[in-house]
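Structure record follows, encoded as structure tokens.
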Amino acid sequence: EPEVTQTPSHQVTQMGQEVILRCVPISNHLYFYWYRQILGQKVEFLVSFYNNEISEKSEIFDDQFSVERPDGSNFTLKIRSTKLEDSAMYFCASSEAAGTVYNEQFFGPGTRLTVL
Amino acid sequence: AQKVTQAQTEISVVEKEDVTLDCVYETRDTTYYLFWYKQPPSGELVFLIRRNSFDEQNEISGRYSWNFQKSTSSFNFTITASQVVDSAVYFCALSRMNRDDKIIFGKGTRLHILP
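Sequence lines, in order, name chains Y and C. Per our numbering, the first sequence runs over residues 5 to 120. Per our numbering, the second sequence runs over residues 47 to 161.
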């Protein structure tokens, strides 16, 4: 069964460093998302991406964050200068586009980011 | 604005007991989706169910059942004859009925099933 994959599973970085979290969405999917979950808290929407553009972003998704689809398979989240409060689990999700019918978002296993 | 409230932060029950997880939502939209996800200790999000706002029929899947009541804006989840493997954090969630809309999650209920 196709699935969303994310690498690495765990990333440790120093405050101020840049990190890139990688996701491989399901191959025929066209909508992509990043969500964040600070330890012990709820899952929060960061950004959605379609047709090489950001569709929507939350207040969390400030200038330190960027997303990119550098090739036909990867979808990345970059944090330019990490802060301690960026420590969280980051989930990637994707959904296919089929008319106006709701398309289920399939979540990846997550990348746990630890900022020291 | 959309909001999901899970008032129960943590619940502990003894194995084989039934347990209900409460979920109350707020939305101005007339059409929307409701979800439940399970997050086991390993951390991944496991999709359990999606219901649309048109369909208030209760649903049963094995030991799991869901009670959707629009009149009270609630979408409660019951586990019958709970098992230790049901121990996890359970999230209720909401989204608009657009094809690429974000999912809004509640804060989750941590469920402990004691042997």
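Think of the CB as a built atom: it goes at the ideal place given N, C-alpha and C, for glycine as much as any other residue. Just so you know, these numbers come straight off a predicted model, no measurement behind them.
For Asp-66/Y, the number of other beta carbons within 10 angstroms of its own is below 16, and it is reported as exposed. Excluding five sequence positions before and after Arg-142/C, the CB atoms of its chain that fall closer than 7 Å to its own CB belong to Asp-75 and Tyr-78, given in chain order. Taking every protein chain shown into account, the CB of Lys-116/C has fewer than 16 other CB atoms within 10 angstroms, so this residue is exposed.
CA-CA distance, Leu-160/C to Asn-104/C, rounds to 28 Å. Scanning chain Y for C-beta atoms nearer than 9 Å to the C-beta of Phe-137/C yields Lys-46 and Val-47, reported in chain order. Taking a C-beta cut-off of 9 Å against chain Y, the contacting residues of the stretch 92 to 114 of chain C are Val-92, Phe-93, Arg-96 and Asn-98, listed in chain order. Distance from the Cα of Asp-146/C is smallest, within the candidate group Phe-53/Y, Ser-70/Y, Glu-63/Y and Glu-89/Y, for Phe-53/Y. Ala-139/C sits away from Gln-85/C, with the two beta carbons spaced by 9 Å or more. The CB of Gln-15/Y never comes closer than 8 Å to any CB in chain C; the least such distance is about 14 Å. The beta carbon of Phe-121/C sits no closer than 9 Å to any beta carbon of chain Y.
Contact annotation: the stretch 7 to 20 of chain Y touches the stretch 82 to 98 of chain Y, with at least three C-beta pairs closer than 8 Å. Looking at Gln-41/Y, Lys-46/Y and Thr-80/Y, the one whose alpha-carbon comes closest to that of Gln-10/Y is Thr-80/Y. Per DSSP, the unbroken beta strand (DSSP E) holding Ser-120/C starts and ends at 120 to 125.
For Met-93/Y, same chain residues with a beta-carbon under 6 Å away, outside a window of 5 residues either side, are Gln-41, Gly-114 and Arg-116 in chain order. Residues of the stretch 55 to 80 of chain C that bring their beta carbon within less than 8 Å of a beta carbon in chain Y comprise Tyr-79, in sequence order.
Under the three-state reduction of DSSP, Ser-128/C is assigned to coil, being neither helix nor strand.
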